[in-house]
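*Asks:* Numbering (my numbering), first residue to last: 139 to 331.
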Amino acid sequence: MHLRSFQRNVLKAYKWLCNNYRPGDRIFLFGFSRGAYQIRVIAGMIERVGLLYKGSNTQLPSVFKLYMKTMEKSTQTSDAGSPELSEARQQCDIFKKAFSQPHVKVHFVGAWDTVSSVGIVRAPCLPETTTGMAHVCHFRQALALDERRVRFWPEHANGSTKESTGGDVKEVWFVGSHSDMCVTLMVSTNFIY
Numbered sequence: 139m140h141l142r143s144f145q146r147n148v149l150k151a152y153k154w155l156c157n158n159y160r161p162g163d164r165i166f167l168f169g170f171s172r173g174a175y176q177i178r179v180i181a182g183m184i185e186r187v188g189l190l191y192k193g194s195n196t197q198l199p200s201v202f203k204l205y206m207k208t209m210e211k212s213t214q215t216s217d218a219g220s221p222e223l224s225e226a227r228q229q230c231d232i233f234k235k236a237f238s239q240p241h242v243k244v245h246f247v248g249a250w251d252t253v254s255s256v257g258i259v260r261a262p263c264l265p266e267t268t269t270g271m272a273h274v275c276h277f278r279q280a281l282a283l284d285e286r287r288v289r290f291w292p293e294h295a296n297g298s299t300k301e302s303t304g305g306d307v308k309e310v311w312f313v314g315s316h317s318d319m320c321v322t323l324m325v326s327t328n329f330i331y
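1) Output yes or no for whether 8 angstroms exceeds the beta carbon distance between Phe-237 and Leu-190.
2) Could you pull out every residue in the same chain whose Cβ sits closer than 7 angstroms to the Cβ of Leu-149, ignoring the five residues on either side in sequence?
3) Is Tyr-175 near Gln-239, with beta carbons less than 8 angstroms apart?
4) Could you tell me how far apart the beta carbons of Ala-204 and Val-187 are, in whole angstroms, since I believe they sit closer than 8 angstroms?
5) Please report how far the alpha carbon of Thr-208 lies from the alpha carbon of Leu-167, in whole angstroms.
6) Do you know offhand how far Val-313's Cα is from Ala-280's?
7) Along the alpha helix (DSSP H) that carries Gly-169, what are the first and last residues, could you check?
8) Can you give me the C-alpha to C-alpha distance between Trp-311 and Ala-181, rounded to a whole angstrom?
9) From what residue to what residue does the alpha helix (DSSP H) around Asp-231 run?
10) To the nearest angstrom, how far is it from the Cα of Arg-164 to the Cα of His-276?
11) Is it right to say Thr-196 is buried, meaning 16 or more other beta carbons lie within 10 angstroms of its own, or is it exposed?
12) Excluding five sequence neighbours on each side, which residues of the same chain lie with their C-beta closer than 8 angstroms to the C-beta of Gln-229?
13) So, helix, strand or coil for Gly-248, using DSSP?
14) If we count the other Cβ atoms within 10 Å of its Cβ and call it buried at 16 or more, is Asp-306 buried or exposed?
15) So if DSSP puts His-276 in a beta bridge, which residue, or which two residues, is it bridged to?
16) Measure the CB-CB distance between Val-253 and Ser-143 and report whether it falls below 8 angstroms.
17) Is Glu-185 near His-241, with beta carbons less than 8 angstroms apart?
18) Using only alpha-carbon positions, find the residue among Ser-220, Pro-161 and Trp-250 that is nearest to Ala-295.
19) Start and end of the alpha helix (DSSP H) containing Leu-204?
20) Go through its chain and collect everything with a Cβ distance to Leu-283's Cβ below 8 angstroms, but skip five positions before and after it.
Encoded structure:
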């Protein structure tokens with residue numbers, strides 16, 4: 139998966155949510171591997187820029203760019219005080235209040251072995267994906283205990299150096315590798331059909 143298809147998949151799901159969400163709905167997001175990372179990005183976008191009103195499709199590329207502007211340059215150093223990051227976060231707040239539906243929160247994220255590798259490179263941590271997932275009411279993740287390949291290193295809920303605050307977060311480990319989790323999911327879903 140390349141960055142362009144990653145962005146396209148995220149925006150396609152975000153657009154669906156924008157066009158189908160009704161006040162009072164609870165948002166549940168599920169994903170495996172890179173798909174799990176994509177749903178975490180969607181949850182992060184909803185936290186940072188909100189969920190657009192139905193029919194606001196022309197704003198989708200701008201929403202993603204605005205969200206990406208709030209990405210910290212490094213997880214090792216805090217850029218929270220930098221003027222560029224502060225301005226980007228302020229722009230997100232203004233945008234969210236002006237163009238997004240009020241009081242939208244992701245209720246549940248179910249992730250199976252989240253990985254952020256895009257193509258052959260491990261992607262940088264995108265905003266609100268590794269800071270404790272506190273913006274999600276309930277976050278659950280199953281992780282492969284025996285995975286050793288660099289491209290499949292897991293993205294933990296709190297992968298940053300910052301303290302996690304709030305949120306109902308639970309991560310559990312299972313014996314096996316990344317592909318074992320995938321095969322198990324594929325086999326069990328074959329019985330549904």
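Just so you know, even glycine gets a beta-carbon here, dropped at the ideal spot from N, CA and C.
*Replies:* Quick look at the numbers:
1) Looking up residue 237 in the sequence shown gives position 99. Looking up residue 190 in the sequence shown gives position 52. Closer than 8 angstroms, so yes.
2) In the sequence shown, counting from the first residue as 1, residue 149 sits at position 11. Closer than 7 angstroms at Cβ, skipping near neighbours: Leu-198 and Phe-202.
3) Residue numbering aside, residue 175 sits at position 37 when the sequence shown is read from its first letter. Residue numbering aside, residue 239 sits at position 101 when the sequence shown is read from its first letter. No, Cβ-Cβ distance for Tyr-175 and Gln-239 is not below 8 angstroms.
4) On the sequence shown, residue 204 is found 66 positions in, with the first residue counted as 1. On the sequence shown, residue 187 is found 49 positions in, with the first residue counted as 1. In the sequence under discussion, the amino acid at residue 204 is Leu, which differs from the Ala named in the question. Right, their Cβ atoms sit about 6 angstroms apart.
5) Residue numbering aside, residue 208 sits at position 70 when the sequence shown is read from its first letter. Residue numbering aside, residue 167 sits at position 29 when the sequence shown is read from its first letter. Rounded to whole angstroms, Thr-208 to Leu-167 spans 22 angstroms at the Cα level.
6) If you number the sequence shown from 1, residue 313 lands on position 175. If you number the sequence shown from 1, residue 280 lands on position 142. Approximately 10 angstroms, taken between the alpha carbons.
7) Taking the first residue of the sequence shown as position 1, residue 169 is located at position 31. Run containing Gly-169: none in the alpha helix (DSSP H); it sits in the beta strand (DSSP E), 165-170.
8) If you number the sequence shown from 1, residue 311 lands on position 173. If you number the sequence shown from 1, residue 181 lands on position 43. One C-alpha to the other measures close to 23 angstroms.
9) By 1-based counting over the sequence shown, the position of residue 231 is 93. Note, Asp-231: alpha helix (DSSP H), 221-237.
10) By one-based count along the sequence shown, residue 164 stands at place 26. By one-based count along the sequence shown, residue 276 stands at place 138. For Arg-164 and His-276, the distance between alpha carbons rounds to 11 angstroms.
11) For this step, residue 196 is matched to residue 58 along the sequence shown. With fewer than 16 Cβ atoms within 10 Å of its Cβ, Thr-196 is classed as exposed.
12) Sequence index remark: in the sequence shown, residue 229 carries index 91 (1-based). The answer, listed in chain order, is Leu-204 and Lys-207.
13) In the sequence shown, the residue the question calls residue 248 occupies position 110. Three-state DSSP puts Gly-248 in a strand.
14) Numbered from its first residue, the sequence shown carries residue 306 at position 168. Asp-306 comes out exposed.
15) As a position in the sequence shown, residue 276 is number 138, starting the count at 1. In DSSP, His-276 forms a bridge with Phe-246 and Asp-306.
16) As a first step, residue 253 must be located in the sequence shown, where it is residue number 115. As a first step, residue 143 must be located in the sequence shown, where it is residue number 5. Taking 8 angstroms as the Cβ cut-off, Val-253 and Ser-143 do not qualify as a contacting pair.
17) On the sequence shown, position 47 is the one that residue 185 refers to. On the sequence shown, position 103 is the one that residue 241 refers to. Not closer than 8 angstroms, so no.
18) For this step, residue 295 is matched to residue 157 along the sequence shown. Taking the Cα of Ala-295 as reference, the smallest distance to any Cα among Ser-220, Pro-161 and Trp-250 is reached at Trp-250.
19) Position 66 of the sequence shown holds residue 204. 198-207 is the extent of the alpha helix (DSSP H) around Leu-204.
20) For the purposes of this step, residue 283 is identified with residue 145 of the sequence shown, where counting begins at 1. Only Trp-311, Phe-312, Val-313 and Gly-314 meet the Cβ criterion.
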